[in-house]
Amino acid sequence: MKRHLLEAADLDRDDATLVLDTAAQIEQALAGREVKKLPTLRGRTVVNLFYEDSTRTRISFELAAKRLSADVINFSAKGSSVSKGESLKDTALTLEAMGADGVVVRHSASGAPHRLANWVRGSVVNAGDGTHEHPTQALLDAYTIRHRLGRLDGVRVTIVGDVLHSRVARSNVVLLQTLGAEVTLVAPPTLLPVGVGSWPAEVGYDLDAVLPKSDVVMMLRVQGERMNASFFPSAREYSRRYGLDARRMAALPDDAIVMHPGPMNRGMEIAAEVADSVRSTIVEQVANGVSVRMAVLYLLLGGAAQ
Amino acid sequence: MTTHLIKGARPLGGDAVDILVEDGRIAAIGDSLAATGAEVVEAGGLIALPGLVDLHTHLREPGREDAETVETGSRAAALGGFTAVHAMANTDPVADTAGVVEQVWRLGQEAGLVDVVPVGAVTVGLKGERLAELGAMADSAARVRVFSDDGHCVSDPALMRRALEYVKAFDGVVAQHAEEPRLTVGAQMHEGDRSARLGLTGWPAAAEEAIIARDVLLAEHVGARLHLCHVSTAGSVEILRWAKSRGVQVTAEVTPHHLLLTDACAESYDPVFKVNPPLRTEADIEALRAGLADGTIDAVGTDHAPHAVEDKESEWAQARPGMLGLEQALSVVIETMVEPGRLDWAGVADRMSVRPAQIGRLAEHGRPIAPGEPANLVLLDPGTRATVDPAALASRSRNSPYAGRELPGRVVATFLRGIATVLDGKATR
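Chains as they are written, first to last, in our numbering: chain A, 212 to 517; chain B, 992 to 1420.
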């Protein structure tokens, strides 16, 4: 494995499989235990550096690090020196001086984790950067698919929604391709990036045509504000053309699953009855997120002290 | 004033001759010239070109003297072989009055390393709302002929039309920064395969081409001169070629970095490669080189844009756009145009001195190397290759996109009206 996890392309097939297998082992090791904690990262320090509000991702990483017995510091941009204008580099040097072994970073600017990796000696884990990537989300999605369907090779995954602004979509396209799945992107053309044709994915505009050929449907969050910038005419029209409701869900093959990285806009991209159905893996994804992030931290930081 | 005898230089790459420089002018050219008391400059094997002229330089003074001053930028220019640079108007305060352009002009005179020719803003405060006092700037001591809101596009078509018309009265030219603002909101890099993958908001080629297409039509309609700053796309070259074939009075420049670097540089997320317009694709580079070779693109303009460390050592989106260019411009042109055989030395002189001087209406620059002409000259060794070290640059800033890159060509000497501003590769003051 590389020293940092900045984007899904940092993982080749062996690395990605190792992360998923390690997550499965960790889950097994903890199953039925009263104390859900492993001593693996005792004495190591993990900093959660969050420049963007993201309670669920931060908590997931925090829990993962704590279950590995690491010391965890939460460094939120709000109310810290960052809000007083400290630069990313100065923050990085501060963390470096404090001896952080791992830095988990969430940032609104694409590429911020790449910059950070130039300035710290510890491992950097990208917890979502701008509209670029969110590699641990893709790992937990892959883990969830493999767990539910028993395989990834040849699985047909349809990703629906605001691909243009989605770091989840970018990471998933790359990682799923690495792991042998077939990805189809479905969105209004305004929400697909120019250049999407170079991605290892099929592209379509018609959700109904793709659903019968999908083993997995992954719905992306669509922000209502997008309609103010004319990406689509109205929330209602978006929902009608690209939302997943019960009628559309019925068009899926019998064992197909429905995923969503959260937080959901119920009634917009996904109907409540779909989100709460047995096909939905949404709650499972959250649980798997902790196991997968434990695996990532373990594999990046768990080796002999460097 | 020192008399210089330049021995064995090759004007425009031709046969070796001696050049006698006296009283700011070329006094004689011939074999085995002798002059008592003259300072001899051994120039065996060196190429002699007319001093280079830059249509597009940011000197940052007044306002951001921490990034560059007229003096440090002038020194960088002289070391790059320039004898005249046009200083863009986006200073603080903006160069939109006779007072500010005269201040910049005077600072240039005091530095005495190149002729600093101020560019005047087209609109008050670069706001794109109403015309600045263009005539007052033209009539000032700075004798402004080039007007530009560079950094901003004059996007209002009616205002652009009026500006084009108005400057005809004093033979001025509007230099347009072609960027349709609504199509580039939040834009960070060229829009294409790489921006899609990197998650950086795209700057579409069409945003440049749409303005260029509009403005060549306006220039044709009102019969005015139009200059286009830093054209960066294959489509822009095509529109230019079409406009020139119709006889539109349009000229254009390309930057060194758009001749050499592609949007692949953004993959590092290192903002030293963030620039406006953004680095484009291989296909665009090829079209720009072809356009410069056949004269569709008239000039190389550096868009030398110094930035302080803190404005570049940051996240990509937070960083300011722009890169240094003065000291490596000639090297990049040798690498991309001369060595591949697309431009000979006469061609380099034409695109980097003669035509930019004509566009800026600088009578004393871009002249032939001939007796009686002003002694604005550069001597260069085209064979030497060296690795660019930002710390060694004369600019006050360090944001060179060529750091660590090996480039050909070394400026050995530069003469401004007979005064050596650079000798033996070092600035004389």
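Glycine included, each C-beta is placed from N, C-alpha and C at the ideal position.
Legend entry - Any alpha helix (DSSP H) of 4 or more consecutive residues that is wholly inside the stretch 341-417 of chain A: Qualifying alpha helix (DSSP H) stretches, in chain order: 346-360, 378-389.
Inset, instruction - Verify the CB distance criterion: does L386/A have a CB-CB separation below 8 Å to chain B? - result: Along the first sequence, read from residue 1 onward, the residue named residue 386/A stands at position 175. By this cut-off, L386/A is not an interface position.
Inset, instruction - Using three-state DSSP, classify Q1167/B as helix, strand or coil. - result: Taking the first residue of the second sequence as position 1, residue 1167/B is located at position 176. Strand at Q1167/B.
Legend entry - Rounded separation between E1318/B and G1072/B - CA only: Within the second sequence, the letter at position 327 stands for residue 1318/B. Within the second sequence, the letter at position 81 stands for residue 1072/B. Approximately 8 Å between the Cα atoms of the pair.
Inset, instruction - Could you pull the start and end residues of the beta strand (DSSP E) that S287/A belongs to? - result: Your numbering for residue 287/A matches position 76 in the first sequence. First-last of the beta strand (DSSP E) with S287/A: 282-287.
Legend entry - Own chain, CB closer than 7 Å to D1275/B, minus 5 neighbours either side, in chain order: Position 284 of the second sequence holds residue 1275/B. Within its own chain, the residues whose Cβ lies closer than 7 Å to the Cβ of D1275/B, once the five positions on either side in sequence are excluded, are S1223, T1224, A1225, listed in chain order.
Inset, instruction - Determine contact between the stretch 1009-1022 of chain B and the stretch 303-322 of chain A, defined as no fewer than three beta-carbon pairs at a distance below 8 Å. - result: In short, these stretches do not touch, since the Cβ pair count stays below three.
Legend entry - Residue(s) in a DSSP beta bridge with V1233/B: Residue mapping note: residue 1233/B aligns to position 242 of the second sequence, counting from 1. For the record, residue 1233/B in the displayed sequence is Trp; it is not Val. For W1233/B, no pairing in a beta bridge is given by DSSP.
Inset, instruction - Could you please give the first and the last residue of the uninterrupted alpha helix (DSSP H) stretch that includes P1148/B? - result: Within the second sequence, numbered from 1, the residue matching residue 1148/B stands at position 157. Counting along the chain, the alpha helix (DSSP H) containing P1148/B begins and ends at 1148-1157.
Legend entry - The alpha helix (DSSP H) enclosing V257/A, as first and last residue numbers: Here residue 257/A refers to the residue found at position 46 when the first sequence is read from its first residue. From DSSP, V257/A is part of no alpha helix (DSSP H) but of the beta strand (DSSP E) over 256-261.
Legend entry - Proximity below 8 Å, CB of H1298/B to CB of S1186/B: Residue 1298/B sits at position 307 when you count from the first residue of the second sequence. Residue 1186/B sits at position 195 when you count from the first residue of the second sequence. No, they are not a contact pair.
Inset, instruction - Compare the C-beta of V283/A with all C-beta atoms of chain B and state if any pair is closer than 8 Å. - result: Reading the first sequence from its first residue, position 72 is the one you call residue 283/A. No, V283/A does not count as interfacial toward chain B.
Inset, instruction - Could you please give the first and the last residue of the uninterrupted alpha helix (DSSP H) stretch that includes F272/A? - result: Sequence index remark: in the first sequence, residue 272/A carries index 61 (1-based). It spans 266-278 - the alpha helix (DSSP H) in which F272/A sits, taken as one unbroken run.
Inset, instruction - Could you tell me whether the Cβ of Q1100/B comes closer than 8 Å to any Cβ of chain A? - result: Locating residue 1100/B in the second sequence gives position 109, where the first residue counts as 1. Answer no: the Cβ-Cβ gap between Q1100/B and chain A never drops below 8 Å.
Legend entry - Contact check, V336/A vs V315/A, beta carbons under 8 Å: The count along the first sequence starts at 1 and reaches residue 336/A at position 125. The count along the first sequence starts at 1 and reaches residue 315/A at position 104. Note that the C-beta distance between V336/A and V315/A is below 8 Å.
Inset, instruction - Hey, could you find the ends of the alpha helix (DSSP H) A1404/B is sitting in? - result: What you label residue 1404/B is simply residue 413 of the second sequence in a count that begins at 1. A1404/B -> not in any alpha helix (DSSP H); beta strand (DSSP E) instead, spanning 1397-1407.
Legend entry - Length at least 4, wholly inside the stretch 1255-1298 of chain B: the alpha helix (DSSP H) runs in chain order: Those alpha helix (DSSP H) runs which fall completely within the stretch 1255-1298 of chain B and span 4+ residues are 1273-1285.
Legend entry - Contacts of G406/A in chain B (Cβ-Cβ under 9 Å): Here residue 406/A refers to the residue found at position 195 when the first sequence is read from its first residue. For the C-beta of G406/A, the chain B residues within less than 9 Å are, from N- to C-terminus, E1182, G1183, D1184, R1185, S1186, A1187, R1188, G1193.
Inset, instruction - Compare the beta carbon distance of V207/A and E307/A with 8 Å and say whether it is the shorter of the two. - result: Because chain A in this structure spans residues 212 to 517, residue 207/A falls outside the shown range and cannot be described.
Legend entry - CA nearest to the CA of S334/A, picked from R244/A, P399/A, M212/A: To locate residue 334/A, count along the first sequence from 1; it is residue 123. Looking at R244/A, P399/A, M212/A, the one whose alpha-carbon comes closest to that of S334/A is M212/A.
Inset, instruction - Kindly list, in the order they appear in chain B, the residues whose Cβ is closer than 7 Å to that of T342/A. - result: Looking up residue 342/A in the first sequence gives position 131. Chain-order list of chain B residues neighbouring T342/A: G1190, by C-beta distance under 7 Å.
Legend entry - Distance between R326/A and S1259/B (C-alpha atoms, nearest Å): Stepping through the second sequence from its first residue, residue 1259/B is reached at position 268. Stepping through the first sequence from its first residue, residue 326/A is reached at position 115. Roughly 8 Å between the two C-alpha positions.
Legend entry - Neighbourhood of K248/A by C-beta, 7 Å cutoff - its chain only, sequence neighbours within 5 removed: By one-based count along the first sequence, residue 248/A stands at place 37. R278, S280, listed in sequence order.
Inset, instruction - Check whether the Cβ of A323/A lies closer than 8 Å to any Cβ atom in chain B. - result: Sequence index remark: in the first sequence, residue 323/A carries index 112 (1-based). Output row for A323/A: interface = yes.
Inset, instruction - Within its chain, find whatever has a CB closer than 6 Å to the CB of V1207/B; leave out the 5 residues flanking it on each side and keep chain order. - result: Taking the second sequence and counting its residues from 1, one reaches residue 1207/B at position 216. Here the set comprises A1234, V1239, V1241.
Legend entry - Own chain partners of H1221/B with C-beta closer than 8 Å, once the 5 adjacent residues on each side are dropped: By one-based count along the second sequence, residue 1221/B stands at place 230. For H1221/B, the CB contacts under 8 Å within the same chain, skipping 5 residues up- and downstream, are H1047, H1168, E1244, V1245, T1246, H1249, P1268, G1292, D1294 in chain order.
Inset, instruction - May I ask you to report which of helix, strand or coil DSSP gives N1367/B? - result: Taking the first residue of the second sequence as position 1, residue 1367/B is located at position 376. Note: N1367/B maps to coil in three-state DSSP.
Legend entry - Contacts that S1305/B makes with chain A (C-beta to C-beta distance below 8 Å): Taking the first residue of the second sequence as 1, we reach residue 1305/B at position 314. Result: S298, L299, K300, R326.
Inset, instruction - Give the DSSP-derived three-state secondary structure of D1335/B in the structure shown. - result: Position 344 of the second sequence, counted from the start, is the residue given in the question as residue 1335/B. Here DSSP, grouped into helix, strand and coil, assigns D1335/B to coil.
Legend entry - Own chain partners of A1132/B with C-beta closer than 8 Å, once the 5 adjacent residues on each side are dropped: Taking the second sequence and counting its residues from 1, the one referred to as residue 1132/B is at position 141. Within the same chain, E1093, W1096, R1097 come within 8 Å of A1132/B by CB-CB distance, once the 5 residues on both sides are set aside.
Legend entry - Extent of the continuous alpha helix (DSSP H) run through E484/A: Within the first sequence, numbered from 1, the residue matching residue 484/A stands at position 273. It spans 483-486 - the alpha helix (DSSP H) in which E484/A sits, taken as one unbroken run.
Inset, instruction - Whole angstroms is fine: what's the gap from A516/A's alpha carbon to V257/A's? - result: On the first sequence, residue 516/A is found 305 positions in, with the first residue counted as 1. On the first sequence, residue 257/A is found 46 positions in, with the first residue counted as 1. Confidence at A516/A is low in this model, with a pLDDT of 42, below 50, so the placement of that residue is unreliable and no value is reported for it.
Legend entry - Cβ-based neighbour list, T1063/B, same chain, cut-off 7 Å, excluding 5 preceding and 5 following: Along the second sequence, read from residue 1 onward, the residue named residue 1063/B stands at position 72. Scanning its chain for C-beta atoms nearer than 7 Å, with the 5 sequence neighbours on each side dropped, one finds around T1063/B the residues A1385, S1386, R1387, in chain order.
Inset, instruction - List the residues of chain B whose Cβ lies closer than 7 Å to the Cβ of A320/A, in chain order. - result: Counting from one through the first sequence, the residue named residue 320/A turns up at place 109. Neighbours of A320/A across chain B, judged by C-beta separation under 7 Å: E1306, W1307, A1308, Q1309.
Legend entry - Inter-residue Cα distance where the pair is G1351/B and V1137/B: Mapped onto the second sequence, residue 1351/B falls at position 360. Mapped onto the second sequence, residue 1137/B falls at position 146. Whole-angstrom Cα-Cα distance: 6 Å.
Inset, instruction - Report all residues from its chain with a CB closer than 7 Å to the CB of A412/A; omit the five preceding and five following residues, and keep chain order. - result: What you label residue 412/A is simply residue 201 of the first sequence in a count that begins at 1. Contacts found: V384, V394, T395, L396.
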